[in-house]
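First to last, the sequence lines map onto chains R and B. Numbers 599 to 913, taken from the working numbering, label the letters of the first sequence in order. Numbers 599 to 913, taken from the working numbering, label the letters of the second sequence in order. A virtual CB, placed ideally from N, CA and C, is assigned to each residue, including glycine. Here is the structure we will look at, set down as structure tokens.
There are 2 protein chains.
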Amino acid sequence: MVDLEQVIQSLDWHQEPQGLYSPIEYTLAGGGKRLRPRLALMAAKMYGGEDLALPVALALEIFHNFTLLHDDLMDKAPTRRGRPTVYVRWNENTAILSGDQMLIEAYKQLEALPPKQLPHILHIFNKMATEICKGQQLDMEFEQREHVSAEEYMDMIRLKTSVLLGTALEAGAYIAGASDADQHNLREAGIQLGLAFQIQDDILDTFGDVATFGKPIGGDILNNKKTLLLITALTLADEEQLTTLNTWLSAQQGTFNPQEKIDAVRSIYEATGAKKLCENRMHFCTKAALAALDKIPADTTEIRKLADKLTNREK
Amino acid sequence: MVDLEQVIQSLDWHQEPQGLYSPIEYTLAGGGKRLRPRLALMAAKMYGGEDLALPVALALEIFHNFTLLHDDLMDKAPTRRGRPTVYVRWNENTAILSGDQMLIEAYKQLEALPPKQLPHILHIFNKMATEICKGQQLDMEFEQREHVSAEEYMDMIRLKTSVLLGTALEAGAYIAGASDADQHNLREAGIQLGLAFQIQDDILDTFGDVATFGKPIGGDILNNKKTLLLITALTLADEEQLTTLNTWLSAQQGTFNPQEKIDAVRSIYEATGAKKLCENRMHFCTKAALAALDKIPADTTEIRKLADKLTNREK
Numbered sequence: 599m600v601d602l603e604q605v606i607q608s609l610d611w612h613q614e615p616q617g618l619y620s621p622i623e624y625t626l627a628g629g630g631k632r633l634r635p636r637l638a639l640m641a642a643k644m645y646g647g648e649d650l651a652l653p654v655a656l657a658l659e660i661f662h663n664f665t666l667l668h669d670d671l672m673d674k675a676p677t678r679r680g681r682p683t684v685y686v687r688w689n690e691n692t693a694i695l696s697g698d699q700m701l702i703e704a705y706k707q708l709e710a711l712p713p714k715q716l717p718h719i720l721h722i723f724n725k726m727a728t729e730i731c732k733g734q735q736l737d738m739e740f741e742q743r744e745h746v747s748a749e750e751y752m753d754m755i756r757l758k759t760s761v762l763l764g765t766a767l768e769a770g771a772y773i774a775g776a777s778d779a780d781q782h783n784l785r786e787a788g789i790q791l792g793l794a795f796q797i798q799d800d801i802l803d804t805f806g807d808v809a810t811f812g813k814p815i816g817g818d819i820l821n822n823k824k825t826l827l828l829i830t831a832l833t834l835a836d837e838e839q840l841t842t843l844n845t846w847l848s849a850q851q852g853t854f855n856p857q858e859k860i861d862a863v864r865s866i867y868e869a870t871g872a873k874k875l876c877e878n879r880m881h882f883c884t885k886a887a888l889a890a891l892d893k894i895p896a897d898t899t900e901i902r903k904l905a906d907k908l909t910n911r912e913k
Numbered sequence: 599m600v601d602l603e604q605v606i607q608s609l610d611w612h613q614e615p616q617g618l619y620s621p622i623e624y625t626l627a628g629g630g631k632r633l634r635p636r637l638a639l640m641a642a643k644m645y646g647g648e649d650l651a652l653p654v655a656l657a658l659e660i661f662h663n664f665t666l667l668h669d670d671l672m673d674k675a676p677t678r679r680g681r682p683t684v685y686v687r688w689n690e691n692t693a694i695l696s697g698d699q700m701l702i703e704a705y706k707q708l709e710a711l712p713p714k715q716l717p718h719i720l721h722i723f724n725k726m727a728t729e730i731c732k733g734q735q736l737d738m739e740f741e742q743r744e745h746v747s748a749e750e751y752m753d754m755i756r757l758k759t760s761v762l763l764g765t766a767l768e769a770g771a772y773i774a775g776a777s778d779a780d781q782h783n784l785r786e787a788g789i790q791l792g793l794a795f796q797i798q799d800d801i802l803d804t805f806g807d808v809a810t811f812g813k814p815i816g817g818d819i820l821n822n823k824k825t826l827l828l829i830t831a832l833t834l835a836d837e838e839q840l841t842t843l844n845t846w847l848s849a850q851q852g853t854f855n856p857q858e859k860i861d862a863v864r865s866i867y868e869a870t871g872a873k874k875l876c877e878n879r880m881h882f883c884t885k886a887a888l889a890a891l892d893k894i895p896a897d898t899t900e901i902r903k904l905a906d907k908l909t910n911r912e913k
């Protein structure tokens, strides 16, 4: 069995100039769930080829961490996994350039693939990378826009979050020799799982428990973030609820007690049925993921276990 | 014959979201010499395979323009080729994200290569991309450092500028079936040509003619840029020249007439022999490039013509 964490930690970043490589080592040492490479290895294992998927697993993990590095700079996020982000710890130029190098390092991992498999993997990797950039672009645009529909939001999180999980499963399966149908269904399962995971993330940010969620609750509300909860509530609210919601959305920071805003908006999410609708949508995506897995003749037990863990975080 | 400019202009960037793709189109429409893709096509043509090198030529041009886009942001350069840079015309986040997408687009071009050639090209492309990032990192570090040696400077410009020219020739030759020896010698020629070109750029920025150079003369001097001229002059200067030079280097902007500083530093570059030494070094690199070309049995006329044009810009 592949000891993924050990392999990631043993990647050698002690190269010159250190100013370029230290932030890469720092970012990858930050931990996280290693969800994407684990999915790639899991899918490959189903077809007896876990080891073969290691290059693509590492490429996906490095790529994912590259997106975090650049996204944190674009979003001006001061911390990530309890540590200062790269642009804070070093500076903006370092975050830009080390991030660029990290993207190149992801492509370097692909060099270890069998030559026969490289063209297809390069193709789906490039496609995924493009979709993730599109998702990040839409995410930034949405924050500047007045109105965003639930469908637009779902499309954005599909691009920004889900295709990476879908591609991880698809690529792992391809490398280990899965049929086209299995690759397709695994990809679909990963995408639906990613959507469910992201919607749950929105819900937990507002209704979760600080101890299990790991972040302060209510951050999205305080930042007026256009989550599925807010987008749905704005659609479902009656006139009075809409007035209250808009009053809170336009309230100047510093003129109110943050907890009061969190409680008020949370009540509206419940009263309008937005919370319920988001939960339903999340369960719908989870079911769609499981339905895609049902179509696969190979043993999907491990992925099902992980899916269950990912989409039942509140428990 | 490949109409390179036409092919570059016909790349389709009219995709959604436009906020991601417009800056890519804008950057590539900026013109420039198209030196890198031309070198790749020229090398391939020597072995009868100009068309085959088009994917790698486009990848190199897109990659080069990606580096300009991110470098301009890091260097806070307001204009490029007479137009506002992307971070000025749009904003910093757009420059970061569209630049990332441009890097991915470079890799996408490689998908069009014959599967058999892809592994080797991906390898040399990744190696080149890494070296260019290292060069940019060193360039930024040097500007913060007190002392930089001529050797360190030469190594930096080799990484930042020259390996891209060397790789263009090498990759074009490989794709068209050149021998390993020819690939090696073409790479060497490209690297030496790149060094000569960069040193000449330093010289022209100080001693050039504004009409032919296309930029105001003396910019490097006014910015205290650690060019080979300055690095060399600091080594060669006698006590009096050193005092004068250091006085100008530490003079507060706004307290002197810019033309006076340009004239004074220029005089020291001449009096110390720094100008002469840089010119010699440039001619040495040009000769080394021609010597590498001499070893190649194939017809190198076109590359020699281009080399002559590139290294005789003052005429």
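Original post:
If you measure beta-carbon to beta-carbon, which residues of the segment 717-742 of chain R are closer than 7 Å to chain B?
Top reply: Pro717, Leu720, His721, Asn724, Ala727, Thr728, Cys731, Lys732, Gln734, Gln735, Leu736, Met738 and Glu739
Original post:
Going along chain R in order, which residues have a C-beta closer than 7 Å to the C-beta of B:Pro615?
Top reply: Lys732, Gln735, Leu736 and Glu739
**OP:** Would you verify that the beta carbon of B:Gln839 is, or is not, closer than 8 Å to some beta carbon of chain R?
**Re:** no
Original post:
For R:Leu618 versus B:Lys732, is the C-beta distance shorter than 8 Å?
Top reply: yes
**OP:** Report yes if the C-beta distance between B:Gly788 and B:Ile860 is below 8 Å; otherwise report no.
**Re:** no
Original post:
For R:Ala831 versus R:Ala872, is the C-beta distance shorter than 8 Å?
Top reply: yes
Original post:
Within the chosen definition, does the segment 680-699 of chain B reach the segment 664-671 of chain B through at least 3 CB pairs nearer than 8 Å?
Top reply: yes
**OP:** Would you decide whether R:His721 is buried or exposed? Buried here means 16 or more other CB atoms lie within 10 Å of its CB.
**Re:** exposed
Subject >> is_contact[B:Asn691, chain R] using C-beta, thresh 8 Å >> reply: yes
**OP:** Report yes if the CB atom of R:Arg679 is closer than 8 Å to the CB atom of R:Gly630, and no otherwise.
**Re:** yes
**OP:** Name, please, each residue of chain B whose Cβ falls closer than 8 Å to the Cβ of R:Glu744.
**Re:** Result: empty, since nearest Cβ-Cβ is about 16 Å, beyond 8 Å.
Original post:
Where does R:Arg681 sit, in a helix, a strand or coil, going by DSSP?
Top reply: strand
Original post:
With distances taken from CA atoms, which of B:Asn691, B:Asp673 and B:Glu703 is nearest B:Glu659?
Top reply: B:Glu703
Subject >> Residues that R:Lys706 contacts on chain B, provided the C-beta gap is smaller than 7 Å >> reply: Asn724
**OP:** Could you check the C-alpha separation between B:Ala794 and R:Asp778 for me, to the nearest Å?
**Re:** 52 Å
Original post:
Along the chain, which unbroken stretches of the alpha helix (DSSP H) at least 4 residues long are found entirely within the segment 631-693 of chain R?
Top reply: 633-644, 652-672 and 684-687
Subject >> At least 3 beta-carbon pairs within less than 8 Å: the segment 798-811 of chain R vs the segment 821-831 of chain R >> reply: yes
**OP:** Enumerate in chain order the residues of its own chain whose CB-to-CB distance from B:Leu908 is below 6 Å, with the five nearest sequence positions on each side excluded.
**Re:** Phe795
Subject >> Under 7 Å by beta carbon: chain B residues contacting R:Ile694 >> reply: His668, Leu671, Met672 and Ile694
Subject >> Amino acids of chain B, ordered along the chain, whose beta-carbon sits closer than 8 Å to that of R:Pro713 >> reply: Pro713, Lys714, Leu716 and Pro717
Original post:
alpha helix (DSSP H) containing R:Ala776: first to last residue?
Top reply: Unbroken run through R:Ala776: none, as it is neither H nor E.
Original post:
Would you say B:Gly770 touches the ligand MG, meaning its beta carbon is less than 7 Å from a heavy atom?
Top reply: The ligand content of the structure shown is nil, which means the ligand MG is not present either.
Original post:
Thinking just about the alpha-carbon of each residue, which of R:Met644, R:Thr804, R:Glu741 and R:Lys813 is nearest to the one in R:Ala862?
Top reply: R:Thr804
**OP:** Would you mind sorting B:His662 into buried or exposed? The rule is 16 or more other CB atoms within 10 Å of its CB.
**Re:** buried
**OP:** Kindly indicate if chain B contains any beta-carbon less than 8 Å away from that of R:Asp698.
**Re:** yes
Original post:
Does DSSP put R:Lys913 in a helix, in a strand, or in coil?
Top reply: In this prediction, R:Lys913 has a pLDDT of 42, which is less than 50 and means its spatial position is unreliable; nothing more can be read from the coordinates.
**OP:** Please classify R:His851: does DSSP put it in a helix, a strand, or coil?
**Re:** Here residue 851 of chain R is Gln; the residue named in the question, His, does not match the sequence. Coil.
Original post:
Can you list the residues of chain R that B:Gly709 reaches, using a CB-CB cut of under 8 Å?
Top reply: Sequence inspection shows Glu at residue 709 of chain B; the Gly mentioned does not correspond to that position. Correct list: Pro717, Leu720, His721 and Asn724.
Original post:
Going by beta carbon distance, what residues of the same chain come within less than 7 Å of B:Glu690, once the five residues before and after it are set aside?
Top reply: Leu671
Original post:
What whole-angstrom Cβ distance do R:Gly764 and R:Arg785 have, given they're in contact under 8 Å?
Top reply: 4 Å
**OP:** Can you say whether B:Lys913 is buried or exposed, counting buried as having 16 or more other CB atoms within 10 angstroms of its CB?
**Re:** Model confidence at B:Lys913 stands at a pLDDT of 42, short of 50, so the residue's coordinates are unreliable; what they give is reported in the following sentence. Exposed is the call here.
Subject >> Where the alpha helix (DSSP H) containing R:Pro621 begins and where it ends >> reply: Gln616 to Leu626
**OP:** May I have the straight-line CA-CA distance separating B:Pro856 from B:Ile829, to the nearest angstrom?
**Re:** 20 Å
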